[in-house]
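Report on one structure; see the data block that follows.
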Amino acid sequence: MSLRWAVIALPALLLALPFALRPAADPAPQRQVVIITPHGEAIRAEFGAAFAAWAKRELGIEAGVDWRTPGGTGDIVRYLDDRYGEAFKQQFKRGSRSFNDAKAAKDDADRSAFLASNIGIGIDLFFGGGEFPHRQQANKGYLVDAGIQREQPGWFEATVIPRELSGERMYDPEGRYYGACISAFGIAVHHDRLAALSPPGPIETWRDLADGRLFGAVVVADPSRSGAIATACERVLQSELATASADPDKPTPAELEAGWSAGWDVLRRIAANSAWVSDGASKAVRAVARGDAAAGMCIDFHARAEGEWTQIASGAPRLSFVVPRAGTSLSADPISLLRGAPDRELGVAFIRFVLSPEGQRLWNYRPGEPGGPGRYALRRLPIRRDLYGPEHRQHMSDPDVDPFADAARFTYRGWLTGPLYSLIAPLAKGALFDPRSELHAAWRAILDAGGPERVPQAMAAFSRLPVGYAAAAAALKDLQSSPLRRLEVVRQWAEAARAQYREAERLAREGR
Numbered sequence: 009m010s011l012r013w014a015v016i017a018l019p020a021l022l023l024a025l026p027f028a029l030r031p032a033a034d035p036a037p038q039r040q041v042v043i044i045t046p047h048g049e050a051i052r053a054e055f056g057a058a059f060a061a062w063a064k065r066e067l068g069i070e071a072g073v074d075w076r077t078p079g080g081t082g083d084i085v086r087y088l089d090d091r092y093g094e095a096f097k098q099q100f101k102r103g104s105r106s107f108n109d110a111k112a113a114k115d116d117a118d119r120s121a122f123l124a125s126n127i128g129i130g131i132d133l134f135f136g137g138g139e140f141p142h143r144q145q146a147n148k149g150y151l152v153d154a155g156i157q158r159e160q161p162g163w164f165e166a167t168v169i170p171r172e173l174s175g176e177r178m179y180d181p182e183g184r185y186y187g188a189c190i191s192a193f194g195i196a197v198h199h200d201r202l203a204a205l206s207p208p209g210p211i212e213t214w215r216d217l218a219d220g221r222l223f224g225a226v227v228v229a230d231p232s233r234s235g236a237i238a239t240a241c242e243r244v245l246q247s248e249l250a251t252a253s254a255d256p257d258k259p260t261p262a263e264l265e266a267g268w269s270a271g272w273d274v275l276r277r278i279a280a281n282s283a284w285v286s287d288g289a290s291k292a293v294r295a296v297a298r299g300d301a302a303a304g305m306c307i308d309f310h311a312r313a314e315g316e317w318t319q320i321a322s323g324a325p326r327l328s329f330v331v332p333r334a335g336t337s338l339s340a341d342p343i344s345l346l347r348g349a350p351d352r353e354l355g356v357a358f359i360r361f362v363l364s365p366e367g368q369r370l371w372n373y374r375p376g377e378p379g380g381p382g383r384y385a386l387r388r389l390p391i392r393r394d395l396y397g398p399e400h401r402q403h404m405s406d407p408d409v410d411p412f413a414d415a416a417r418f419t420y421r422g423w424l425t426g427p428l429y430s431l432i433a434p435l436a437k438g439a440l441f442d443p444r445s446e447l448h449a450a451w452r453a454i455l456d457a458g459g460p461e462r463v464p465q466a467m468a469a470f471s472r473l474p475v476g477y478a479a480a481a482a483a484l485k486d487l488q489s490s491p492l493r494r495l496e497v498v499r500q501w502a503e504a505a506r507a508q509y510r511e512a513e514r515l516a517r518e519g520r
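With our numbering as the guide, the letters of the sequence shown map in order to residues 9 to 520.
The structure is reproduced here in structure tokens:
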């Protein structure tokens, strides 16, 4: 009888044993900070765990993070617009586009009411996505001063977090957003694919990426789908505008037109060299890492992370990140406090943690190093200059990277292209990416004919641009007049581009 009961009880015991032996569950956090972000799982995991430990030690509370990830930065911007618009409508029983328009008149009733309110959307912080989107949200009134500059003035000295680097803003002087780390835009290169090119040779500049020897060996991401690539395209334009001017700080109208045209010609040839177009910057880098392409435009940390994985998998370095010579600046990737944050105090504490030396070490320390991440190598660069001394570099994943030296080689002149930033993606879509089949065929015909110098008439047709520098501001205003108008204009640009690329292909074949 005892044996029979033992046989019957054994399965139940085996089922119950894992539950009895499992470790006690972590206590539910007393408070949670709600963060909307495009950051990936690795950053969310490391900063979530480190902040919880910091809050328990420094604040004496069990704190957690409720991450909200609706998509990329563009998706987040649309989400914020929709949520704040609806919240305004609910509170004031009226709706208006002008409440989030930074250019609206100061006496506009809706905007004044919004800026005087504490309207919230149930989210505390916006973390990541780039400086320009945070600046846009600040101008709309969605972001508010977190007070960190008043609380920690020593952090914002030039020797710690400088106000500007290479002409780019590292934090908002009004305290509405703060750079959490810094990034550079450049080129991911696969060593083996590059060596197989004919003729082989290094890739050191944006123009190298546009060279015909890379035909079919480049991967690009659509800038209308990737904010990182739109920013990289802006750096190409900045580089050519500076090259075209005798004095880049005082360019003449003719120099501006020449630099704008040259910059778009580089972008056009890069797109023409591409074997395919990705819908995201990280996907493009992974294609280079696999050897599907020799090179591609990227953001630094994507290339460094993929380079590390390929080296682990293959046992040899196969991918590297190239900082284009005199062709890129350092950009801040900020964190900001949203208007009407449900737990403002905890939100400010999270920002303080991210900007502290303890939070900054997570960005580039190797996993397992004292003060470093627990599991993931984030391969991003701290914004604090005091995190680059030898006592920190010995623990870093990228100890030889000197972002401040890179910054000294390039100056971003925001007044040249910043107001036109929102034109870059739709113009690239209409003139380069929607008609890519025709672009590709025209470029192949030009190369088969001996290159651009051999068929100047074909190149003249190939290089036509629908919008010059002087007309760019008006074109952008037209695009922004309505969503329907935007679609119509981009379609018109694409139709005109298809016709000109067919003409260029014909002229190139006739000139052979």
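We put the CB at the ideal spot given by N, CA and C, even for glycine. Just so you know, these numbers come straight off a predicted model, no measurement behind them.
So, for Arg233: in the same chain, excluding its five sequence neighbours on each side, which residues have a beta-carbon less than 6 Å away from its beta-carbon? Asp287
Please work out which residues of its chain come closer than 6 Å, Cβ to Cβ, to Pro256, disregarding the five sequence neighbours upstream and downstream, and give them in chain order. Answer for Pro256: Ala250, listed in chain order.
Closest by CA to Trp272, which one among Gly304, Arg517, Leu133 and Leu435? Leu435
Any idea what DSSP makes of Glu176, helix, strand or coil? In the structure shown, Glu176 sits in a strand (DSSP, three-state: E or B).
Would the beta-carbon of Val227 fall within 8 Å of that of Asp308? Taking 8 Å as the cut-off, the Cβ atoms of Val227 and Asp308 do not count as close.
If contact is defined by three or more beta carbon pairs under 8 Å, each pair taking one atom from either stretch, is the segment 374-390 in contact with the segment 159-177? Short answer: they don't touch.
Cutting at 8 Å between CB atoms, please list the residues of its own chain near Leu447, excluding the five before and the five after it. Arg276, Ala279, Ala280, Leu440, Ala505 and Tyr509
Quick check: what's the CA-CA separation for Ala154 versus Tyr185? 8 Å
Whole-angstrom distance between Ala311 and Trp371, CA atom to CA atom: 15 Å
Ala33, buried or exposed, once every other Cβ within 10 Å from all chains shown has been counted against 16: Residue placement at Ala33 cannot be trusted, given a pLDDT of 45 that sits under 50; what the coordinates show is reported in the next sentence. Looking at its Cβ environment, which holds fewer than 16 other Cβ atoms inside 10 Å, Ala33 is exposed.
In or out: Pro378 buried (at least 16 other Cβ within 10 Å) or exposed? exposed
For Pro390, which of helix, strand or coil comes out of DSSP? Under the three-state reduction of DSSP, Pro390 is assigned to strand.
What is the DSSP secondary structure of Ala229, counted as helix, strand or coil? strand
For Arg444, report the span of its beta strand (DSSP E) as first-last. Not the beta strand (DSSP E): Arg444 falls in the alpha helix (DSSP H), residues Arg444 to Asp456.
With DSSP as the reference, please indicate the residues paired to Trp423 in a beta bridge. In the DSSP output, where bridge partners are listed per residue, Trp423 has none listed.
Near Leu544, which residues of its chain fall below 7 Å by C-beta distance, leaving aside the five closest residues on each side in sequence? Past the boundaries of the shown model lies residue 544; the chain is included only from 9 to 520, so the question cannot be answered.
For the ligand PLP, is there any heavy atom lying closer than 7 Å to the beta carbon of Glu70? The ligand PLP is not part of this structure, which contains no ligands at all.
According to the neighbour-count rule (16 or more other Cβ atoms, all chains shown, within 10 Å of its Cβ), is Lys148 buried or exposed? buried
Span of the alpha helix (DSSP H) holding Val362? Arg352 to Leu363
Taking 8 Å as the limit between beta carbons, can you name the residues of its chain near Met467, skipping five residues before and five after? Ile454, Pro460 and Ala512
Could you check what DSSP says for Ile211 in three-state terms: helix, strand or coil? Ile211 carries a coil assignment under DSSP once its states are collapsed to helix, strand and coil.
Nearest-angstrom Cα distance between Pro181 and Gln319? 41 Å
Under three-state DSSP, which class holds Ala504? In the three-state reduction of the DSSP assignment, Ala504 falls in the helix class, which pools H, G and I.
Would you kindly work out how many angstroms separate the C-alpha atoms of Leu29 and Trp317, rounded to a whole number? Here Leu29 scores only 44 on pLDDT, less than 50, and its place in the model is too uncertain to base an answer on.
Return the first residue and the last residue of the beta strand (DSSP E) that His400 is part of. Not the beta strand (DSSP E): His400 falls in the alpha helix (DSSP H), residues Pro398 to Arg401.
Could you tell me which of Pro491, Pro381, Gly209 and Arg514 sits nearest to Ala50, measuring between CA atoms? Pro381
What's the call for Gly209, buried or exposed, on a 16-neighbour Cβ count within 10 Å? exposed
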